[in-house]
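Participant:
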Amino acid sequence: MAEGGDTGGRPDAGGPPPGLTALQTWMQHAIVSPRRPGTPAADVLAGTSELSAEDRLGIYRHGYRRRLLEAMRALYPVLSSLLGSEVFEELALGHLEDRPSRSPNLAHLGDGFADHLWRRRPDPAARPEPWVRIIIDLARYERTFAEVYDGPGTEESGGGGPREPDRPEAPAHPGGTAPRFVACLRTLAVSAPVHRYHSAARRGEPPPSLTPRPCHLVLSRRHYRVTCTELPAAEHRLLTSALTAASPWPAVARAAGLDPAGARCLLDRWSARGWLARTVTDTEPAPVPPVGTLPSAHPRR
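Taken in order, the sequence shown gives residues 11 to 311; the numbers are from the numbering used here.
(1) Are the Cβ atoms of Thr237 and Leu249 separated by less than 8 Å?
(2) CB-CB under 8 Å to Tyr159, same chain, minus the five flanking residues each way: which ones, in chain order?
(3) Count the other CB atoms, across all protein chains shown, that sit within 10 Å of the CB of Arg153; report buried if there are 16 or more and exposed otherwise.
(4) Reducing DSSP to helix, strand and coil, say where Cys238 ends up.
(5) With Ser209 as the anchor, note down where its alpha helix (DSSP H) starts and where it stops.
(6) If contact is defined by three or more beta carbon pairs under 8 Å, each pair taking one atom from either stretch, is the region 92-99 in contact with the region 127-135?
(7) Straight-line CA distance for Pro258 to Ala149?
(8) Assign Leu67 to buried or exposed, taking buried as 16 or more other Cβ atoms, counted over all protein chains shown, within 10 Å of its Cβ.
(9) Compute the Euclidean distance between the alpha carbons of Arg223 and Trp36, then round it to the nearest angstrom.
(10) Less than 7 Å between C-beta atoms, sequence neighbours within five positions excluded: which residues of the same chain meet that for Gly120?
(11) Please determine, among Pro162, Ala199, Cys194 and Arg137, the residue with the shortest C-alpha to C-alpha distance to Tyr151.
(12) Which residues bound the alpha helix (DSSP H) around Ser251?
(13) Can you give, in chain order, each stretch of the alpha helix (DSSP H) that sits fully within the region 48-106 and has at least 4 residues?
(14) Looking at the unbroken beta strand (DSSP E) that takes in Ala199, where does it start and where does it end?
(15) Under the assumption that Leu277 contacts Leu286 (Cβ atoms under 8 Å), give the Cβ distance between them as a whole number of angstroms.
(16) Can you give me the C-alpha to C-alpha distance between Ser219 and Gly48, rounded to a whole angstrom?
(17) Helix, strand or coil for Leu276 per DSSP?
(18) Under the three-state reduction of DSSP, which class applies to Leu119: helix, strand or coil?
(19) Using only the alpha-carbon positions, how far apart do Asp108 and Gly122 sit?
(20) For Ala244, which of Leu106, Ile145 and Leu268 has the nearest alpha-carbon?
(21) How would you write the range of the beta strand (DSSP E) that Arg232 sits in, first residue to last?
(22) Using three-state DSSP, classify Leu33 as helix, strand or coil.
(23) Measuring only the C-alpha atoms, how far is Pro260 from Ala252?
(24) Please state if the CB of Cys225 and the CB of Ala210 are separated by a distance shorter than 8 Å.
(25) Out of Glu100, Tyr70, Asp65 and Pro242, which one is the CA nearest neighbour of Leu79?
(26) Which residue from His246, Ser59 and His39 puts its Cα closest to that of Pro50?
(27) Given that a residue counts as buried once 16 or more other Cβ atoms are within 10 Å of its Cβ, and exposed if not, what is Ile145?
(28) Measure the C-alpha to C-alpha separation of Arg77 and Ala63 and round it to an integer number of angstroms.
(29) Which one or two residues does DSSP pair with Leu286 in a beta bridge?
(30) Residue range of the alpha helix (DSSP H) that Arg153 falls in?
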C-alpha cells in the first residue's frame, strides 16, 4: 500500500496503459489513505452526469470510514456512550489517520487508541486534568477487557480455576522457583473506578459517578467470563512485578520484603483466585492471610 505523498501506484505516470495491479493499488490508496491520491480521480474513474469521478470515489471513501467508525464504536462502546457520538467520532478518526488499518481483522483497529488520546490530549505540556485521565483510563480498561475476553483463556486446559482444598499440585517450575500465571491475566492501574462504570454500562444500569481515586485492578477470565478484582496497591505492584520480571519469584518476593512463608501465602491466595496455571505449594500450604494485607511483609535489613 502506498504511503504519505506517494501517488498510490500512479496509473498515469507515463509508459503503457496501467495494468490491473496498478489500478487496484491506486484504488486501495484512494479509499483507505487519509490523504488524497496523487492522481486525480477523473484521470482514472469515469464520471456521470449526476456524479463526478471525485464524487463517486467519495462514496467509497465515506463508506469505508463509516465502517471503521462502526468498528471503533463496537470496540469502545462505553467510552463512545460517555463522550457522545460526535466527540467520539472525532477522536476515533484522528486515531485512524495516525494509525491506518493494516489488518483484515478489525479487532486490532483499536490498538493504541488510549496512547493516541494521551498524545493528543488538551495542553499536553501541562499536568492532565482528572477528567482527561479518566477518559484515557476508560479507553485502556475497555481495551484490556476486550483482550482478556477474546484472548487465550483457561477453559480448554482446565487451569485457572480455584484450587481444590487439600489437593497437592506440581510446582510451576522445577523447584517451585516461579509461579506460572494464566495467559489471560492482566494488571491495570487507573485513576478512577472505571471498572465499575464499565460493568454498570454493560448491564444497562445507570453507571456510578467517576470520582477520581486510584484503583489497582487485575483482570482475568474464568468459564468465559471476564473477572475484575481490585487489589491493595502493594499487592498489585508485587503481582505486576511477578508478571513482568525476568528474575525468579523468590528474588521478586525478597525484593518486596517477603519471607518464604509469606511468599507462599501470597501464591496460595493468587491460586485460590484462579490466577495461576498451576498451584505452587508445599505439602502443608501456609494459611491465606486476610484480603488487603501482604503476608509477612517485613522491611529488608
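We put the beta carbon where it would ideally sit given N, CA and C, even for glycine. Just so it is clear, the structure is predicted and the values come from calculations on it, not from any experiment.
Facilitator: On the basis of the coordinates in this document:
(1) Residue mapping note: residue 237 aligns to position 227 of the sequence shown, counting from 1. Residue mapping note: residue 249 aligns to position 239 of the sequence shown, counting from 1. It is not a contact, given that the beta carbons lie outside the stated cut-off.
(2) The count along the sequence shown starts at 1 and reaches residue 159 at position 149. Cβ neighbours of Tyr159 beyond the five flanking positions: Arg231 and Val236.
(3) Locating residue 153 in the sequence shown gives position 143, where the first residue counts as 1. Buried, because 16 or more other Cβ atoms sit within 10 Å of the Cβ of Arg153.
(4) Counting from one through the sequence shown, the residue named residue 238 turns up at place 228. Three-state DSSP puts Cys238 in a strand.
(5) Reading the sequence shown from its first residue, position 199 is the one you call residue 209. Start and end: Val204 to Arg212.
(6) no
(7) Looking up residue 258 in the sequence shown gives position 248. Looking up residue 149 in the sequence shown gives position 139. Near 33 Å, if we compare the C-alpha coordinates of Ala149 and Pro258.
(8) Here residue 67 refers to the residue found at position 57 of the sequence shown. Label assigned to Leu67: buried.
(9) Residue 223 sits at position 213 when you count from the first residue of the sequence shown. Residue 36 sits at position 26 when you count from the first residue of the sequence shown. Approximately 50 Å between the Cα atoms of the pair.
(10) The count along the sequence shown starts at 1 and reaches residue 120 at position 110. Result list for Gly120: Met82, Leu85, Tyr86 and Arg153, in chain order.
(11) One-based indexing of the sequence shown puts residue 151 at position 141. Among Pro162, Ala199, Cys194 and Arg137, the Cα nearest to that of Tyr151 belongs to Ala199.
(12) Start at 1 with the first residue of the sequence shown, and residue 251 comes out as number 241. It spans Ala243 to Thr254 - the alpha helix (DSSP H) in which Ser251 sits, taken as one unbroken run.
(13) 63-85 and 87-93
(14) Here residue 199 corresponds to residue number 189 of the sequence shown, with the count starting at 1. Per DSSP, Ala199 belongs to the beta strand (DSSP E) from Arg196 to Val200.
(15) One-based indexing of the sequence shown puts residue 277 at position 267. One-based indexing of the sequence shown puts residue 286 at position 276. Confirmed, Cβ separation roughly 7 Å.
(16) Here residue 219 corresponds to residue number 209 of the sequence shown, with the count starting at 1. Here residue 48 corresponds to residue number 38 of the sequence shown, with the count starting at 1. Approximately 49 Å between the Cα atoms of the pair.
(17) Taking the first residue of the sequence shown as position 1, residue 276 is located at position 266. DSSP places Leu276 in helix when its eight states are reduced to three.
(18) The count along the sequence shown starts at 1 and reaches residue 119 at position 109. It is coil, neither helix nor strand.
(19) Against the sequence shown, residue 108 aligns to sequence position 98. Against the sequence shown, residue 122 aligns to sequence position 112. Using only the alpha carbons, I get a separation of about 10 Å.
(20) Along the sequence shown, one-based indexing puts residue 244 at 234. Out of Leu106, Ile145 and Leu268, Leu268 has the C-alpha closest to the C-alpha of Ala244.
(21) As a working mapping, residue 232 is identified with position 222 in the sequence shown. First-last of the beta strand (DSSP E) with Arg232: Cys225 to Arg232.
(22) As a working mapping, residue 33 is identified with position 23 in the sequence shown. Here Leu33 sits in helix by DSSP.
(23) By 1-based counting over the sequence shown, the position of residue 260 is 250. By 1-based counting over the sequence shown, the position of residue 252 is 242. Between Pro260 and Ala252, the C-alpha separation is close to 10 Å.
(24) Locating residue 210 in the sequence shown gives position 200, where the first residue counts as 1. Locating residue 225 in the sequence shown gives position 215, where the first residue counts as 1. Going by C-beta atoms, Ala210 is not nearer than 8 Å to Cys225.
(25) Here the question's residue 79 lines up with position 69 in the sequence shown. Selected option, being the one with the closest Cα: Glu100.
(26) In the sequence shown, counting from the first residue as 1, residue 50 sits at position 40. Closest option to Pro50, Cα to Cα, is His39.
(27) Here residue 145 refers to the residue found at position 135 when the sequence shown is read from its first residue. Buried, since its Cβ has 16 or more Cβ neighbours within 10 Å.
(28) Here residue 77 refers to the residue found at position 67 when the sequence shown is read from its first residue. Here residue 63 refers to the residue found at position 53 when the sequence shown is read from its first residue. Those two C-alpha atoms are separated by around 22 Å.
(29) Along the sequence shown, one-based indexing puts residue 286 at 276. Beta-bridge pairing links Leu286 to Phe191.
(30) Looking up residue 153 in the sequence shown gives position 143. Residues Pro140 to Asp160.
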